[in-house]
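There are 2 protein chains.
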Amino acid sequence: MTGRNKPRSAAEQVSDLTAGRLSVYLRCLTTLDAAGVKTISSRSLAERFHLNAAQIRKDLAYFGEFGVRGVGYYVADLKTHLRAILGLEKPVRVGIIGAGNLGRALADYQGFRVEGFHIVALFDTEPNRIGHPSRQGVPVRHVDDFTRMAAAQELDIVVIAVPEPAAQGVVNLAVESGIRAILNFSPGALQVPGGVKLKNVDLTVSLESLSFFLARGEQHVPGET
Amino acid sequence: MTGRNKPRSAAEQVSDLTAGRLSVYLRCLTTLDAAGVKTISSRSLAERFHLNAAQIRKDLAYFGEFGVRGVGYYVADLKTHLRAILGLEKPVRVGIIGAGNLGRALADYQGFRVEGFHIVALFDTEPNRIGHPSRQGVPVRHVDDFTRMAAAQELDIVVIAVPEPAAQGVVNLAVESGIRAILNFSPGALQVPGGVKLKNVDLTVSLESLSFFLARGEQHVPGET
Numbered sequence: 185m186t187g188r189n190k191p192r193s194a195a196e197q198v199s200d201l202t203a204g205r206l207s208v209y210l211r212c213l214t215t216l217d218a219a220g221v222k223t224i225s226s227r228s229l230a231e232r233f234h235l236n237a238a239q240i241r242k243d244l245a246y247f248g249e250f251g252v253r254g255v256g257y258y259v260a261d262l263k264t265h266l267r268a269i270l271g272l273e274k275p276v277r278v279g280i281i282g283a284g285n286l287g288r289a290l291a292d293y294q295g296f297r298v299e300g301f302h303i304v305a306l307f308d309t310e311p312n313r314i315g316h317p318s319r320q321g322v323p324v325r326h327v328d329d330f331t332r333m334a335a336a337q338e339l340d341i342v343v344i345a346v347p348e349p350a351a352q353g354v355v356n357l358a359v360e361s362g363i364r365a366i367l368n369f370s371p372g373a374l375q376v377p378g379g380v381k382l383k384n385v386d387l388t389v390s391l392e393s394l395s396f397f398l399a400r401g402e403q404h405v406p407g408e409t
Numbered sequence: 185m186t187g188r189n190k191p192r193s194a195a196e197q198v199s200d201l202t203a204g205r206l207s208v209y210l211r212c213l214t215t216l217d218a219a220g221v222k223t224i225s226s227r228s229l230a231e232r233f234h235l236n237a238a239q240i241r242k243d244l245a246y247f248g249e250f251g252v253r254g255v256g257y258y259v260a261d262l263k264t265h266l267r268a269i270l271g272l273e274k275p276v277r278v279g280i281i282g283a284g285n286l287g288r289a290l291a292d293y294q295g296f297r298v299e300g301f302h303i304v305a306l307f308d309t310e311p312n313r314i315g316h317p318s319r320q321g322v323p324v325r326h327v328d329d330f331t332r333m334a335a336a337q338e339l340d341i342v343v344i345a346v347p348e349p350a351a352q353g354v355v356n357l358a359v360e361s362g363i364r365a366i367l368n369f370s371p372g373a374l375q376v377p378g379g380v381k382l383k384n385v386d387l388t389v390s391l392e393s394l395s396f397f398l399a400r401g402e403q404h405v406p407g408e409t
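So the protein lines, in turn, are chains A and B.
Under our numbering, read the first sequence as residues 185 to 409, first letter to last.
Under our numbering, read the second sequence as residues 185 to 409, first letter to last.
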């Protein structure tokens with residue numbers, strides 16, 4: 185899903201890939217910790233979760249000396265370190281703009297809670313949505329309250345789940361309210377100023393890459409430089 | 185979100201990137217077509233939608249001779265060609281396994297309909313969910329009916345929106361029922377045999393890459409070879 189927005193620096197793209205892998209390692213370690221595993225080698229970690237052992241060692245070495253020769257990694261310790269690196273030491277506070285089907289489903293998604301994300305509020309403009317909390321009790325506020333709420337509730341991340349024509353406007357509102365990290369589910373290319381991180385999850389593009397696969401079979405497609 | 189599964193071939197990854205860009209081009213052309221634009225150059229297309237003109241020419245040239253010197257691309261024609269390349273000439277038939285909040289939200293997501301995806305049915309095992317259609321009227325069937333329905337309804341793609349412990353089981357069911365393209369929203373590494381395309385959308389990983397950005401600021405993170 186690159187190429188939809190302004191050109192991204194190589195460092196920024198690498199950073200995304202690294203963060204993605206660290207998230208995966210964290211999830212693996214959480215599984216191992218829950219199963220009572222105390223230590224694990226990079227090779228066992230790789231085999232067990234279908235990862236790349238050399239990549240694990242390289243990724244983790246960049247952030248510090250976590251491995252112990254002959255032992256591997258201490259599972260609980262490394263988990264704590266990874267949570268710190270990923271900014272998850274304290275709950276990350278999230279607001280969702282757009283309280284339609286998708287926004288409400290995201291607000292109630294248990295996976296976010298488990299990983300330490302706290303969905304503080306939904307925001308919308310539809311009078312019949314405002315004041316009706318999600319099934320899990322996330323309140324729905326008017327978008328006009330966003331700037332005040334973002335400051336009062338110390339929102340870290342905003343999720344955009346509004347129809348395409350409204351998306352750039354609410355992104356601007358979030359940025360003007362001091363939000364520096366945005367997860368966008370709306371299709372279309374959105375603009376953010378430097379220093380603000382925008383991550384796009386385009387569900388239609390994901391489905392279209394599957395229909396492309398089905399239409400072309402396993403045929404090789406070159407074209408990347 | 186690479187590295188979660190078995191190693192992917194370079195061709196497969198390139199193919200994903202290409203398909204993603206073709207989807208974006210298609211969306212841009214749909215916007216232009218709706219606005220009554222008849223022809224557009226790769227440069228204008230790039231400027232208007234913040235894309236890369238050289239990449240557009242290269243991507244499209246691979247699939248045929250669509251550009252006309254001095255004219256650019258015929259918008260409606262190119263749109264038709266891109267829909268064909270992406271396998272969207274006829275409706276793509278989608279089943280969703282998991283009729284919880286996320287599954288129902290996806291079933292009712294208007295963006296899929298607009299782009300030519302037909303959500304045929306939801307599947308679940310919870311008795312109190314079965315027989316209660318989504319707001320937009322997508323029926324909810326028992327998972328036990330999946331194999332029969334997949335054949336009878338000619339399902340092309342299956343979306344997985346079940347809790348993590350159930351995910352590999354329903355992926356196996358889909359594969360055994362002849363499904364060759366799967367969009368997975370469940371966390372964790374799932375296994376599919378060769379010839380089956382699995383695309384992961386991990387919402388927690390997306391949020392974690394944002395909290396990583398906030399925790400580290402703009403600092404450069406090396407590590408990719």
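Idealized CB from N, CA, C, for every residue including glycine.
Beta carbon proximity, residue i to chain A, threshold 9 Å
| i | result |
| --- | --- |
| Lys-263 (chain B) | no |
| Tyr-293 (chain B) | yes |
| Asp-329 (chain B) | no |
| His-326 (chain B) | no |
| Ser-199 (chain B) | yes |
| Gly-248 (chain B) | no |
| Glu-313 (chain B) | Inspection of the sequence shows that residue 313 (chain B) is occupied by Arg rather than by Glu. So no, Arg-313 (chain B) is outside the interface. |
| Gln-375 (chain B) | yes |
| Ile-366 (chain B) | yes |
| Asn-356 (chain B) | no |
| Pro-371 (chain B) | yes |
| Pro-349 (chain B) | no |
| Ser-361 (chain B) | no |
| Val-389 (chain B) | yes |
| Glu-338 (chain B) | no |
| Val-259 (chain B) | no |
| Val-252 (chain B) | no |
| Gly-204 (chain B) | yes |
Which of helix, strand or coil DSSP assigns to residue i
| i | result |
| --- | --- |
| Lys-381 (chain B) | strand |
| Phe-250 (chain A) | coil |
| Arg-211 (chain B) | helix |
| Gly-271 (chain A) | coil |
| Leu-339 (chain A) | coil |
| Arg-332 (chain A) | helix |
| Gly-204 (chain B) | helix |
| Leu-387 (chain A) | helix |
| Asn-236 (chain A) | coil |
| Gly-282 (chain A) | coil |
| Leu-266 (chain A) | helix |
| Ile-366 (chain B) | strand |
| Arg-313 (chain B) | coil |
| Arg-319 (chain A) | coil |
| Arg-400 (chain A) | helix |
Chain B contact for residue i (CB, 9 Å cutoff)
| i | result |
| --- | --- |
| Ala-305 (chain A) | no |
| Ser-393 (chain A) | yes |
| Val-405 (chain A) | With a pLDDT of 43 at Val-405 (chain A), under the threshold of 50, the modelled position of that residue is not reliable, and the figure given next carries that caveat. At least one chain B Cβ lies under 9 Å of Val-405 (chain A). |
| Ala-268 (chain A) | yes |
| Ile-341 (chain A) | yes |
| Asp-308 (chain A) | no |
| Gly-353 (chain A) | no |
Option in the options with minimal Cα separation from residue i
| i | options | result |
| --- | --- | --- |
| Pro-349 (chain A) | B:Val-354, B:Arg-325, B:Val-322 and B:Gly-295 | B:Gly-295 |
| Gln-239 (chain B) | B:Tyr-209, B:Arg-277 and B:Val-324 | B:Tyr-209 |
| Val-346 (chain A) | A:Ser-199, A:Ile-281, A:Thr-202 and A:Ser-207 | A:Ile-281 |
| Phe-344 (chain A) | A:Gln-337, A:Val-322 and A:Gln-352 | Note that residue 344 (chain A) is Ile in the sequence shown here, rather than Phe. Answer by Cα proximity: A:Gln-352. |
| Leu-367 (chain A) | B:Gln-337, B:Tyr-293, B:Thr-202 and B:Leu-398 | B:Leu-398 |
| His-326 (chain A) | A:Ala-291, A:Gly-220 and A:Asn-312 | A:Asn-312 |
| His-302 (chain B) | B:Ile-224, B:Glu-310, B:Val-342 and B:Ala-373 | B:Val-342 |
| Phe-369 (chain B) | B:Gln-337, B:Asp-386, B:Val-324 and B:Ala-218 | B:Asp-386 |
| Lys-274 (chain A) | A:Val-298, A:Arg-205 and A:Arg-211 | A:Val-298 |
| Gln-320 (chain B) | B:Ala-305, B:Ala-336, B:Gly-204 and B:Asp-328 | B:Ala-305 |
| Glu-338 (chain B) | B:Val-376, B:Tyr-258, B:Gly-279 and B:Leu-286 | B:Gly-279 |
| Leu-382 (chain B) | B:Thr-388, B:Ala-373 and B:Ser-390 | B:Ala-373 |
| Ala-184 (chain B) | A:Val-255, A:Leu-206, A:Ser-318 and A:Ala-334 | In the structure as shown, chain B begins at 185 and stops at 409. Residue 184 (chain B) is therefore absent and cannot be evaluated. |
| Leu-262 (chain B) | B:Val-359, B:Leu-235, B:Met-333 and B:Leu-213 | B:Leu-213 |
Start-to-end residues for the beta strand (DSSP E) that takes in residue i
| i | result |
| --- | --- |
| Phe-301 (chain B) | 301-308 |
| Val-324 (chain B) | 324-326 |
| Gly-256 (chain A) | 256-258 |
Enclosing alpha helix (DSSP H) for residue i [first to last residue]
| i | result |
| --- | --- |
| Ala-351 (chain B) | 348-360 |
| Arg-297 (chain A) | 294-298 |
Open item on the list: Please identify, using Cβ separations under 9 Å, the residues of the region 211-243 of chain A that lie next to chain B, in order along the chain.
Closed with: Residues of the region 211-243 of chain A with a C-beta atom less than 9 Å from some C-beta of chain B are Arg-211, Cys-212, Thr-215, Phe-233, His-234, Leu-235, Asn-236, Gln-239, Lys-242 and Asp-243, listed in chain order.
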